[in-house]
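Report on the structure given below.
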Amino acid sequence: MSFVGRRLNLVLVVVLAVLAVGTVGATVLYQSGVSAVETQNEQLRAQNEQLREDLRSARERIDTLQSRVSELEDRAESLRSTLQTQNETLVQVREERNGYRSDLESLCEQWRQERDTVPEECEDVE
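Just so you know, the numbering used here puts 641 at position 22 of the sequence shown, and the rest follows in order with no gaps.
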């Protein structure tokens with residue numbers, strides 16, 4: 620009986636040793652995995668923070684560019700308005716000039732008919 624008892628004790632000791640080694644191995648493996656996940660998590664947090672900062676910068680740049688576009692659109696509208704006013708003024712000046720030219724042509728023609736000569740001022744008129 621003592622032989623069976625010793626054998627049983629030996630088997631139990633071996634089983635306990637294998638279980639202990641397995642538990643230690645599993646614990647080390649688990650801690651290694653947890654450590655790797657924590658490291659990766661920290662890297663992802665840092666990357667996430669960098670992406671947030673990049674996004675903030677991009678949004679600020681977009682706001683700045685939108686403001687600039689708005690200013691340029693306002694300036695373009697102002698210039699279009701000024702151009703239209705200048706074009707209207709130019710049309711009026713041309714009409715006035717054409718009226719004066721017509722009056723001058725009439726006077727020069729009248730002068731020719733009355734005096735049979737052409738004054739110097741009328742030489743370029745026609």
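Note that the Cβ used here is the ideal one computed from N, Cα and C, for glycine as well.
- In the three-state reduction of the DSSP assignment, Thr701 falls in the helix class, which pools H, G and I.
- A contact is defined here as three or more CB-CB pairs under 8 Å, and the stretch 719-726 meets this definition with respect to the stretch 737-745.
- The beta carbon of Trp730 lies closer than 8 Å to those of Thr736, Val737, Pro738 and Cys741 in the same chain, with the five residues before and after it left out.
- Annotation: Glu679 to Leu691 spans about 18 Å, alpha carbon to alpha carbon.
- Note on geometry: alpha-carbon atoms of Ser689 and Ser676 lie some 20 Å from one another.
- Within the model, the alpha-carbon separation for Gln711 versus Gln703 is close to 12 Å.
- In the structure shown, Glu742 falls within a coil segment according to DSSP collapsed to helix, strand and coil.
- Excluding residues up to 5 positions away in sequence, Cys741 and Val744 lie with their Cβ nearer than 6 Å to the Cβ of Cys727 in the same chain.
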